[in-house]
Ligand code: ADP
Ligand code: ASP
Ligand code: MG
């Protein structure tokens with residue numbers, strides 16, 4: 002008898018028919034003799050709807066109230082699934098994070114899980130119940146509700162699997178695995194049978210939203226194997242696991258894009274020690290993540306500094322950066338939120354040269370201007386105008402022969 006954690010995303014629980022479909026999968030797993038813990042997202046579109054309401058109520062809603070509101074979508078789906086399972090003759094109980102105790106730090110909207118209490122879950126499993134747990138949420142030390150960042154139910158599922166040492170963590174979604182690029186953008190995308198934690202992590206960080214980056218970090222740390230599967234078919238699947246000798250060491254194994262990017266440029270910054278610290282410290286203090294940073298060579302003691310943040314943070318970031326720019330005597334601040342980041346990822350890059358040059362050449366051939374570049378050992382990212390996103394993904398996918 003194995004312990005299986007199954008997570009179902011928003012499109013998989015979008016209405017009662019689909020929740021019944023989830024129930025059938027859960028029952029099949031239970032009938033095969035397994036203990037099952039189900040983690041659910043809110044119905045598709047529901048978290049967006051709640052976020053929208055929050056911003057109608059207040060331009061800058063209090064983050065404690067905000068998290069308490071946007072976590073409610075998951076309460077609806079977990080209770081509905083439990084009701085359906087009960088109706089079909091299976092013992093099932095829904096749980097919110099405070100009822101189990103999934104503890105997090107106090108960083109609202111992007112909280113990190115610090116501890117999972119397994120006692121309650123083990124008790125319930127012993128009674129033969131299916132546990133249906135709300136994803137995306139936790140509680141902090143004050144018992145206030147926190148949320149784990151968009152897509153956070155993936156992380157809830159991996160955290161439970163790690164804490165309970167589950168045999169399997171299955172992530173059910175609307176595609177049947179992890180592909181060489183988003184199959185909804187390019188129909189030549191190819192499904193990967195297996196992918197290493199490191200490649201998956203880079204892909205997730207670079208925008209492949211099929212798994213939340215933190216879920217992959219956690220899976221790697223606790224060696225939880227993840228199966229990504231479709232909730233609508235039994236075909237396919239991708240195993241995310243430790244790198245091994247059999248895994249293909251492709252130079253490039255995936256192309257990703259991230260439209261959640263905005264570019265901030267500070268013009269004519271005096272080039273002296275402490276300037277970057279003055280610009281970026283307030284952003285860090287407000288929990289705003291800075292992604293790429295470039296600083297131009299200085300001319301006559303002045304330089305331009307450009308960096309990217311998430312589009313949802315750009316308004317707040319602009320205010321903070323403008324204050325800092327006034328302080329340090331920079332000329333002005335420019336904002337561009339019509340950019341996107343396109344990346345290529347592959348563990349084989351470590352031992353191959355010329356990959357970056359090839360990427361730049363391919364983009365140039367299409368007349369796509371590269372506005373920023375960043376690299377890691379196994380990833381090269383370029384910021385381009387957002388309108389070129391699909392084109393860039395397709396030409397890179399073709400050029401690196403990912404289809405075959
Ligand atoms: P869920 O609601 O189930 O959590 P998400 O929308 O968060 O689903 O993630 C699934 C989506 O991820 C797919 O519909 C697909 O458009 C997108 N995606 C982006 N990159 C990839 C990729 N490389 N492989 C598979 N899916 C991807
Ligand atoms: N419902 C949350 C969101 O839309 C969490 C999730 O779906 O994983 O981001
Ligand atoms: Mg998701």
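Residue numbers (this note's numbering): 2 to 405.
Glycine residues also receive a C-beta, built at the ideal position from the N, C-alpha and C atoms.
Computed from a prediction, not measured in an experiment: that's the story for all the values here.
Per DSSP, residue 74 is one residue of the alpha helix (DSSP H) stretching across 73-88. DSSP places residue 27 inside the alpha helix (DSSP H), whose first and last residues are 17-32.
With contacts defined by Cβ atoms closer than 8 Å, residue 289 and residue 308 do not form a contacting pair. Nearest C-alpha to residue 373 among 342, 19, 323 and 155: 342. In terms of CA proximity to residue 379, 348 leads the group 304, 348, 386 and 388. Between the C-alpha atoms of residue 313 and residue 53 there is a straight-line separation of about 12 Å. A check of alpha carbon separations from residue 402 across 239, 98 and 189 identifies 189 as the nearest.
In the displayed model, residue 348 falls within a helix according to three-state DSSP. In the same chain as residue 321, and ignoring 5 residues on each side of it, the C-beta atoms closer than 7 Å to its own belong to 283, 284 and 287, in chain order. In this structure, residue 169 lies away from residue 24, with their beta-carbon atoms at least 8 Å apart. Distance check between residue 391 and each of 377, 367 and 375 places 367 closest, using alpha-carbon atoms only.
Residue environment: residue 90 is assigned as exposed (fewer than 16 neighbouring CB atoms within 10 Å of its CB, all protein chains considered). When distances are taken from the beta-carbon of residue 152 to the heavy atoms of the ligand MG, the shortest one is below 7 Å.
Judged by DSSP in its simplified three-state form, residue 268 adopts strand.
By the neighbour-count criterion, in which a residue is buried when 16 or more other Cβ atoms sit within 10 angstroms of its Cβ, residue 262 is buried. From the listed residues 40, 44, 21 and 22, the smallest Cα separation to residue 12 is found for 44.
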